[in-house]
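Number of protein chains: 2
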Amino acid sequence: MDLGQRSETVRRANLSAIVRTLHEEGPQSRSDLVTRTGLTRSAIRVLVGELKAAGLATEDRAVRHGRPGRPSPEVSLVAGAAVAVAFSIGVDTLAAAVVGMGGTLLGLSRTDRPRGHKVASAVVDDLVSLLDHLPSGRPEPETVVAVGVAVAGLVRSRDGLVENAPNLGWTSVPLGALLAARLGWSIPVVVRNESDLGVLAEHRRGAAVGIDDVLYVHGEVGVGGGVLVDGRPMAGAAGYAGEIGHVPVDANGLLCRCGAIGCWETQIGAGAILARAGLPRDAGPEALDDVFAAAEAGDVVAQAAIETTGRTLGSGLGGLVNTFNPRMVVLGGIFGRLHPHAQQAIWEELERHTLPAPRAMVRVVPAKLGVDAPLLGAAEVALESVLADPATRFGHRARVAQLASA
Amino acid sequence: MDLGQRSETVRRANLSAIVRTLHEEGPQSRSDLVTRTGLTRSAIRVLVGELKAAGLATEDRAVRHGRPGRPSPEVSLVAGAAVAVAFSIGVDTLAAAVVGMGGTLLGLSRTDRPRGHKVASAVVDDLVSLLDHLPSGRPEPETVVAVGVAVAGLVRSRDGLVENAPNLGWTSVPLGALLAARLGWSIPVVVRNESDLGVLAEHRRGAAVGIDDVLYVHGEVGVGGGVLVDGRPMAGAAGYAGEIGHVPVDANGLLCRCGAIGCWETQIGAGAILARAGLPRDAGPEALDDVFAAAEAGDVVAQAAIETTGRTLGSGLGGLVNTFNPRMVVLGGIFGRLHPHAQQAIWEELERHTLPAPRAMVRVVPAKLGVDAPLLGAAEVALESVLADPATRFGHRARVAQLASA
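These protein sequences, in sequence, are chains A and B.
Heads up, the first sequence is in the numbering used here, so the first residue is 509 and it goes up one at a time.
Heads up, the second sequence is in the numbering used here, so the first residue is 509 and it goes up one at a time.
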């Protein structure tokens with residue numbers, strides 16, 4: 509490796525450090541960037557200059573509230589300079605979003621997904637047509653760096669094959685390939701399990717910012733988990749880890765859609781709340797809204813359905829706290845909605861089933877990003893290639909601008 | 509950093525790469541070391557020379573069976589040049605071992621631990637007196653680099669405080685500090701949970717060599733787990749992760765020693781096997797030996813006790829396979845003894861409670877290191893400081909030797 513190559517490698521790594529810091533932590537002054545990246549003031553000046561010349565960053569004398577004196581200029585990323593298209597496939601809803609650098613949500617559209625097991629290609633059509641309903645309009649293809657997809661099922665991380673999604677009725681669906689073909693853009697399509705993406709989004713922009721050991725538990729019709737171990741997402745050997753909805757909790761329990769008896773999911777998923785409220789297990793999302801509304805209006809049956817579900821959620825969480833020793837449990841999907849109604853019931857049962865040491869250091873909180881956590885996590889993984897090497901995308905324009913100004 | 513400092517840093521890192529390779533993979537030729545470390549032939553020559561001069565390595569023209577031609581000389585570590593003292597504290601036994609570089613077991617002694625809750629300082633005395641019963645005799649203090657301790661309880665990794673060991677009757681015992689004071693050696697004492705050490709030992713020297721996603725499940729009176737995620741031990745926020753014995757599996761179950769109802773441990777620990785065989789739950793390790801012997805002799809009650817326990821083990825393992833997506837489940841302690849008798853029962857229930865994708869890629873095997881896995885894992889963590897920086901320990905002697913030969 510000659511000196512020229514080495515210096516180019518270093519330059520790319522340093523650009524990445526700056527862009528990642530701005531993406532994850534938001535706009536900041538050059539001095540803050542010096543502190544956060546460990547680069548020298550002069551390196552920051554040169555590299556921020558390159559990012560500005562490439563149209564990826566701007567620098568403004570922003571008004572900082574509550575700070576005396578003349579404000580320093582702040583460097584920010586230009587959200588629209590590089591964007592991700594994110595999709596999510598839940599049992600009851602489909603969603604699409606365009607998310608720019610810095611995690612800026614530029615547009616979102618959502619539609620109900622009719623029950624019944626629709627073939628994957630029809631779902632792909634539905635997803636892509638959502639792009640036409642974005643308030644911001646269809647994104648310019650040349651600004652899109654990658655596509656991220658959150659799906660309620662087991663995904664092989666290597667190639668985006670959905671191995672098994674019992675609640676969608678899918679087995680061995682090459683979702684990544686189908687979507688890439690349908691979009692016709694020559695950019696990566698990254699497919700992941702929704703809960704694995706949920707924990708990433710909550711860690712980066714939600715309830716678990718700055719916390720490295722996190723258990724995210726997502727409930728809808730099905731129940732899944734995303735785990736952050738020492739700041740890293742736990743994928744397992746092939747990307748299937750986190751299927752905590754399918755932990756057996758009752759040898760004499762109900763038959764789960766996965767084919768096993770007594771999975772935790774049968775006791776805490778949307779169907780279990782509906783059944784406890786006296787409704788059919790498959791009554792659907794509007795019926796669930798009605799149960800929550802009735803509970804808020806004082807209906808004792810609805811309240812009891814929610815509280816009992818909270819207890820069953822809490823005891824299972826107890827076992828998971830013993831297993832993972834997380835600092836935070838984040839409740840996503842319907843569990844985030846359940847939390848304000850059943851906070852005490854959840855904690856009492858968790859307390860009953862945890863060892864004192866891990867119990868003393870854990871907090872249980874609702875997801876801050878609500879039901880959108882998986883969708884926003886899909887955008888984060890799609891933007892990863894720009895964070896890892898901004899120079900690849902912008903190197904050419906930056907180099908041209910540099911030469912012009914020399 | 510001037511060039512001299514940088515080159516010293518690089519030298520230390522390269523020495524570490526060589527020593528770690530020899531420690532983990534055994535003796536090999538210089539050519540193999542070139543391949544494994546990526547260092548040049550001349551760097552290997554110089555650094556192996558330093559290790560030899562420091563007395564840490566030797567080089568011999570070993571006979572390689574089954575390879576044609578003249579054998580190349582092989583570089584090996586000198587086991588006794590740096591050793592770890594390892595202790596293990598189980599509910600029924602105490603053990604001590606001296607383990608040298610390369611994982612060579614230089615001596616081991618074991619004693620029964622009388623039931624009843626002995627205070628920690630008395631247990632520490634018992635452990636230290638085991639050193640006098642080593643077949644190799646007490647190790648020379650100047651060769652001991654660190655002490656590793658495996659304990660059947662929750663350990664705060666930061667300082668070796670045993671927060672809680674329900675089956676030993678301990679709460680908040682500063683075991684690391686007690687043992688350091690009693691030994692009077694000014695070297696680190698590293699205390700860890702026995703299952704976290706078991707998975708490390710099986711990964712490095714046992715059933716899971718070369719496998720990066722591993723779930724180790726250890727059974728004695730209590731049940732614990734050690735998990736390897738992508739090659740790294742999962743510790744949790746404070747080192748308490750892996751308490752899978754305390755996952756609730758039966759809301760109407762037995763009271764566990766931890767104070768909760770229906771923990772998995774109450775259904776699969778040694779007490780559960782004894783109870784199913786018609787014996788008191790606390791009948792002890794000899795009674796358990798009798799149950800295994802009776803099963804081997806064809807006793808149907810004993811066989812049924814083992815098989816039923818295997819089924820309950822299998823269904824819980826199913827939930828853990830869904831949770832972790834491991835490539836291998838290693839059964840340690842009594843579960844390793846149970847495996848040959850109940851292999852089919854374990855697998856049938858695991859099959860019933862796993863999703864197809866993670867099930868298709870997992871194997872369940874008995875621990876290769878048997879009941880000693882935690883003890884050997886304790887030695888591995890104690891030797892870590894030498895692996896990370898052999899130059900600190902041997903730099904001085906190596907430098908002197910180098911100067912003498914220059």
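Every residue, glycine too, gets a C-beta built ideally from N, C-alpha and C.
Keep in mind that this is a model prediction, so the values were computed, not measured.
So, does the CB of I776 of chain B fall closer than 8 Å to a CB anywhere in chain A? Taking the first residue of the second sequence as position 1, residue 776 of chain B is located at position 268. Output row for I776 of chain B: interface = no.
What is the DSSP secondary structure of M609 of chain A, reduced to helix, strand or coil? The count along the first sequence starts at 1 and reaches residue 609 of chain A at position 101. Of the three classes helix, strand and coil, the one that applies to M609 of chain A here is helix, per DSSP.
Just to make sure I have the definition right: I need the residues of chain B whose C-beta is within less than 7 Å of the C-beta of F832 of chain A. Which are they? Position 324 of the first sequence, counted from the first residue, corresponds to residue 832 of chain A. Ordered by position in chain B, the residues that pass the 7 Å Cβ test against F832 of chain A are G744, A749.
Bounding residues of the alpha helix (DSSP H) (the contiguous stretch that carries I814 of chain A): Looking up residue 814 of chain A in the first sequence gives position 306. First-last of the alpha helix (DSSP H) with I814 of chain A: 808-832.
Taking the alpha carbon of L736 of chain A as the point to measure from, which residue in A:H754, A:E710, A:N760 has its own alpha carbon closest? As a first step, residue 736 of chain A is located in the first sequence; it is residue number 228 there, counting from the start. A:E710 is the residue among A:H754, A:E710, A:N760 whose C-alpha sits nearest the C-alpha of L736 of chain A.
Burial state of N522 of chain B, where buried means 16 or more other Cβ atoms lie within 10 Å: Taking the first residue of the second sequence as 1, we reach residue 522 of chain B at position 14. By the 10 Å Cβ count, N522 of chain B comes out buried.
Please return the same chain residues whose Cβ sits closer than 7 Å to the Cβ of A780 of chain A, not counting the five positions on each side in sequence. To locate residue 780 of chain A, count along the first sequence from 1; it is residue 272. Correct list, in chain order: T774, T817.
I'd like to check one pair, V670 of chain B with G661 of chain B: are the Cβ atoms closer than 8 Å? What you label residue 661 of chain B is simply residue 153 of the second sequence in a count that begins at 1. What you label residue 670 of chain B is simply residue 162 of the second sequence in a count that begins at 1. In this structure, V670 of chain B lies closer than 8 Å to G661 of chain B by Cβ.
Under three-state DSSP, which class holds S644 of chain A? Position 136 of the first sequence, counted from the first residue, corresponds to residue 644 of chain A. DSSP places S644 of chain A in coil when its eight states are reduced to three.
Using a cut-off of 7 Å between C-beta atoms, extract the partners of R835 of chain A located in chain B. Here residue 835 of chain A refers to the residue found at position 327 of the first sequence. Within 7 Å Cβ-Cβ: A745.
Using the rule of at least 16 other Cβ atoms within 10 Å of the residue's Cβ for burial, across every protein chain shown, is V731 of chain A buried or exposed? Stepping through the first sequence from its first residue, residue 731 of chain A is reached at position 223. Around the C-beta of V731 of chain A, 16 or more other C-beta atoms lie within 10 Å, and the residue is accordingly described as buried.
Taking the beta carbon of A768 of chain A as the centre, do at least 16 other beta carbons fall within 10 Å, making it buried, or is it exposed? Position 260 of the first sequence holds residue 768 of chain A. Buried.
Taking only beta carbons into account, state which residues of the stretch 752-764 of chain A come closer than 9 Å to chain B, listed in chain order. Residues passing the 9 Å Cβ filter: I752, G753, H754, V755, P756, V757, D758, A759.
Given that A565 of chain B touches chain A, what residues does it touch there, using C-beta distances under 8 Å? Taking the first residue of the second sequence as position 1, residue 565 of chain B is located at position 57. Correct list: empty, because the minimum Cβ distance to chain A is about 30 Å.
Any Cβ of chain A within less than 8 Å of the Cβ of E856 of chain B? By 1-based counting over the second sequence, the position of residue 856 of chain B is 348. No, because no Cβ of chain A sits closer than 8 Å to the Cβ of E856 of chain B.
Please classify R666 of chain A as buried or exposed, where buried requires at least 16 neighbouring CB atoms within 10 angstroms. Here residue 666 of chain A refers to the residue found at position 158 of the first sequence. Within 10 angstroms of the beta-carbon of R666 of chain A lie fewer than 16 other beta-carbons, which makes it exposed.
Own chain partners of G615 of chain B with C-beta closer than 7 Å, once the 5 adjacent residues on each side are dropped: As a first step, residue 615 of chain B is located in the second sequence; it is residue number 107 there, counting from the start. Hits under 7 Å: A605, V606, L642, P643, S644.
Give the range of the alpha helix (DSSP H) segment to which E702 of chain A is assigned. Here residue 702 of chain A is taken as the residue at index 194 of the first sequence, counted from 1. Counting along the chain, the alpha helix (DSSP H) containing E702 of chain A begins and ends at 702-713.
Using a Cβ cut-off of 7 Å, pull out every chain A residue sitting near V737 of chain B, in sequence order please. Stepping through the second sequence from its first residue, residue 737 of chain B is reached at position 229. Close partners of V737 of chain B in chain A (Cβ separation under 7 Å): V737, M742.
Given a cut-off of 8 Å on the beta-carbon distance, is the pair A590 of chain A and R901 of chain A in contact? Position 82 of the first sequence, counted from the first residue, corresponds to residue 590 of chain A. Position 393 of the first sequence, counted from the first residue, corresponds to residue 901 of chain A. Between A590 of chain A and R901 of chain A, the C-beta spacing is below 8 Å.
Which word fits V908 of chain A, buried or exposed, when buried means at least 16 other C-beta atoms lie within 10 angstroms of its C-beta? What you label residue 908 of chain A is simply residue 400 of the first sequence in a count that begins at 1. Confidence at V908 of chain A is low in this model, with a pLDDT of 45, below 50, so its placement is unreliable and the value that follows should be read with caution. So V908 of chain A ends up on the exposed side.
Just checking, does the stretch 547-556 of chain A make contact with the stretch 625-642 of chain A on the three C-beta pairs under 8 Å criterion? No, they do not touch.
Could you tell me which chain A residues have their CB closer than 7 Å to the CB of L662 of chain B, listed as they occur along the chain? For this step, residue 662 of chain B is matched to residue 154 along the second sequence. Correct list: L863, A865.
Helix, strand or coil: how does DSSP classify P535 of chain B here? Walking along the second sequence from the start, residue 535 of chain B turns up at place 27. In the three-state reduction of the DSSP assignment, P535 of chain B falls in the coil class.
Between the stretch 579-607 of chain B and chain A, which residues of the former have a C-beta closer than 7 Å to a C-beta of the latter? Cβ contacts with chain A: none found.
Quick check: is the beta carbon of D721 of chain B nearer than 8 Å to any beta carbon in chain A? In the second sequence, residue 721 of chain B corresponds to position 213, counting from 1. The Cβ of D721 of chain B sits closer than 8 Å to at least one Cβ of chain A.
Can you tell me which of A:T543, A:H754, A:E533 puts its alpha carbon nearest to the alpha carbon of T612 of chain A? Residue numbering aside, residue 612 of chain A sits at position 104 when the first sequence is read from its first letter. Closest option to T612 of chain A, Cα to Cα, is A:E533.
L884 of chain B and R623 of chain B closer than 8 Å at C-beta: As a first step, residue 884 of chain B is located in the second sequence; it is residue number 376 there, counting from the start. As a first step, residue 623 of chain B is located in the second sequence; it is residue number 115 there, counting from the start. Not closer than 8 Å, so no.
Below 7 Å on C-beta distance, what does N672 of chain A contact in chain B? Stepping through the first sequence from its first residue, residue 672 of chain A is reached at position 164. By Cβ distance, chain B contributes L863, P864, A865.
DSSP puts W693 of chain B in a beta bridge; with which residues? If you number the second sequence from 1, residue 693 of chain B lands on position 185. Per DSSP, none; premise fails for W693 of chain B.
What are the start and end residues of each continuous beta strand (DSSP E) run of 3 or more residues lying completely inside the stretch 730-785 of chain B, in chain order? Taking only runs of at least 3 residues, the beta strand (DSSP E) segments lying wholly in the stretch 730-785 of chain B are 731-737.
Taking the beta strand (DSSP E) that L726 of chain A falls in, what are its first and last residues? Along the first sequence, read from residue 1 onward, the residue named residue 726 of chain A stands at position 218. One detail in the question is off: residue 726 of chain A reads as His in this sequence, not Leu. Counting along the chain, H726 of chain A sits inside the beta strand (DSSP E) bounded by residues 722-727.
Checking 8 Å against the spacing of the C-beta atoms, do A715 of chain A and A886 of chain A come in under that value? By 1-based counting over the first sequence, the position of residue 715 of chain A is 207. By 1-based counting over the first sequence, the position of residue 886 of chain A is 378. For A715 of chain A and A886 of chain A, no; Cβs fall outside 8 Å.
Who are the neighbours of A768 of chain A on chain B, taking C-beta pairs under 7 Å? As a first step, residue 768 of chain A must be located in the first sequence, where it is residue number 260. Residues of chain B with a Cβ closer than 7 Å to the Cβ of A768 of chain A are, in chain order, R860, H861.
How far does the beta strand (DSSP E) with I597 of chain A in it reach, from first residue to last? The residue given as residue 597 of chain A occupies position 89 in the first sequence. Counting along the chain, I597 of chain A sits inside the beta strand (DSSP E) bounded by residues 591-597.
What do you get for G744 of chain B, buried or exposed, if any count of 16 or more other CB atoms within 10 angstroms of its CB means buried? For the purposes of this step, residue 744 of chain B is taken as the residue at position 236 of the second sequence. Flag for G744 of chain B reads buried.
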